[in-house]
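Engineer:
Residue numbers (our numbering): 26 to 310.
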């Protein structure tokens with residue numbers, strides 16, 4: 026339900042997540058909000074019109090996209106100040122996540138306008154929860170760059186971050202991106218590919234870059250649709266072993282195996298045993 030108290034004084038901008046493929050994923054709260062607001066700002070009014078029609082929602086829409094949102098932002102603020110309630114939607118998923126809306130929300134916050142989320146689907150989160158990659162720490166880094174060298178640097182930085190990285194890729198660029206991924210990190214680099222999430226031809230593929238390239242080459246139809254790529258980060262290593270720890274290791278390694286010595290030192294100094302052991306071994310190689 027809309028906030029009646031707010032609507033009498035100043036309007037609210039509702040950031041409404043819409044389905045990324047399956048209309049059944051639109052929440053009851055989102056349906057109620059879209060039915061009751063005065064206006065709906067849509068990335069593509071024709072695309073959103075189909076969604077609204079499916080749920081029998083009759084609402085006035087206007088376009089808000091990358092090319093006009095800075096110009097529309099103040100107009101939206103003015104309408105909110107007049108007491109109008111407005112919903113902001115993108116073509117699919119959660120607005121602002123690699124979609125328009127930042128300029129509007131930022132200006133609303135600067136000017137003290139009411140902004141509230143109506144949460145729902147997001148392709149990045151939907152993909153990573155089924156990826157099999159670590160989810161205790163992850164980052165969403167948007168669309169891959171358009172140029173080859175920038176993409177290679179992008180992939181290298183992502184893997185070196187030590188956390189799972191989630192990114193979007195376009196249909197016409199996926200094979201070139203995988204070539205750049207192989208160039209930057211090698212054919213054996215693990216990657217998770219997801220496409221058409223929540224739709225009829227939903228696909229997940231987990232394997233090496235070379236295996237994924239073969240998978241997509243064998244069936245070019247798999248290259249089409251909304252694509253999410255995910256990369257695991259490199260495990261964080263112990264970068265700086267305190268001198269006191271090294272001194273203790275030097276004493277202990279004469280009395281016991283190095284792995285056991287690392288365990289004793291790690292416990293004493295509050296370090297991770299495996300990471301310390303790996304660092305010491307790599308230094309000796």
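Glycine included, each C-beta is placed from N, C-alpha and C at the ideal position.
Would the segment 213-223 and the segment 37-50 be scored as touching if the rule is three or more Cβ pairs under 8 Å?
Structural biologist: Yes: at least three Cβ pairs fall under 8 Å.
Engineer: Could you tell me which residues DSSP pairs with residue 86 in its beta bridges?
Structural biologist: Note: residue 86 sits in a beta bridge opposite 65.
Engineer: Could you compute how far the alpha carbon of residue 267 sits from the alpha carbon of residue 293?
Structural biologist: Straight-line Cα distance between these residues: approximately 12 Å.
Engineer: Hey, how far is the Cα of residue 307 from the Cα of residue 201?
Structural biologist: Looking at the two C-alpha atoms, the distance is approximately 35 Å.
Engineer: Is the Cβ-Cβ distance between residue 145 and residue 55 less than 9 Å?
Structural biologist: The answer is yes: Cβ separation under 9 Å.
Engineer: Nearest to residue 150 by CA position, among 136, 191, 127 and 99, is which residue?
Structural biologist: Taking only the C-alpha atoms, the option nearest residue 150 is 191.
Engineer: For the pair the segment 151-161 and the segment 123-134, tell me if three or more CB-CB distances fall below 8 Å.
Structural biologist: Judged by Cβ distances under 8 Å, the segment 151-161 makes no contact with the segment 123-134, as fewer than three pairs qualify.
Engineer: Distance check for residue 110 and residue 328, CA to CA, integer angstroms please.
Structural biologist: No information on residue 328 is available, as it lies outside the stretch 26 to 310 that the chain covers here.
Engineer: Would you tell me roughly how many angstroms separate the C-alpha atoms of residue 80 and residue 35, rounded to the nearest one?
Structural biologist: Taking the straight line joining both Cα atoms gives about 28 Å.
Engineer: Spatial neighbours of residue 116 within its chain, please: C-beta separation below 7 Å, excluding the five flanking residues on both sides.
Structural biologist: Answer for residue 116: 68, 69 and 72, listed in chain order.
Engineer: On the DSSP letters alone, give me the boundaries of the beta strand (DSSP E) that residue 226 sits inside.
Structural biologist: No beta strand (DSSP E) contains residue 226, which DSSP labels as neither H nor E.
Engineer: Tell me the DSSP secondary structure of residue 259 in three-state form.
Structural biologist: Coil at residue 259, not helix or strand.
Engineer: Taking only runs that begin and end inside the segment 188-237, name each unbroken alpha helix (DSSP H) of 4 or more residues, in chain order.
Structural biologist: Listed in chain order, the complete alpha helix (DSSP H) runs (minimum 4 residues) inside the segment 188-237 are 199-210.
Engineer: What three-state label does DSSP hand residue 35 in the structure shown?
Structural biologist: Residue 35 falls in the coil class under three-state DSSP.
Engineer: From this set, 248, 65, 298 and 231, which residue's C-alpha is nearest residue 153's C-alpha?
Structural biologist: Selected option, being the one with the closest Cα: 231.
Engineer: In chain order, what are the residue ranges of uninterrupted beta strand (DSSP E) at least 3 long that sit wholly in the segment 241-292?
Structural biologist: Whole beta strand (DSSP E) segments, 3+ residues: 252-256.
Engineer: Would you tell me roughly how many angstroms separate the C-alpha atoms of residue 170 and residue 176, rounded to the nearest one?
Structural biologist: Taking the straight line joining both Cα atoms gives about 5 Å.
Engineer: Return helix, strand or coil for residue 122, following the three-state DSSP convention.
Structural biologist: Residue state, collapsed to three classes: coil.
Engineer: Just to confirm my understanding: we take residue 163, look at its own chain, exclude 5 residues before and 5 after, and list those with CB closer than 8 Å. What are they?
Structural biologist: For residue 163, where only same-chain residues beyond five positions count, the Cβ hits under 8 Å are 153, 188, 189, 190 and 191.
Engineer: Please say whether residue 139 and residue 37 have beta carbons closer to each other than 9 Å?
Structural biologist: Taking 9 Å as the Cβ cut-off, residue 37 and residue 139 qualify as a contacting pair.
Engineer: For residue 98, which three-state DSSP category applies?
Structural biologist: Correct three-state label for residue 98: helix.
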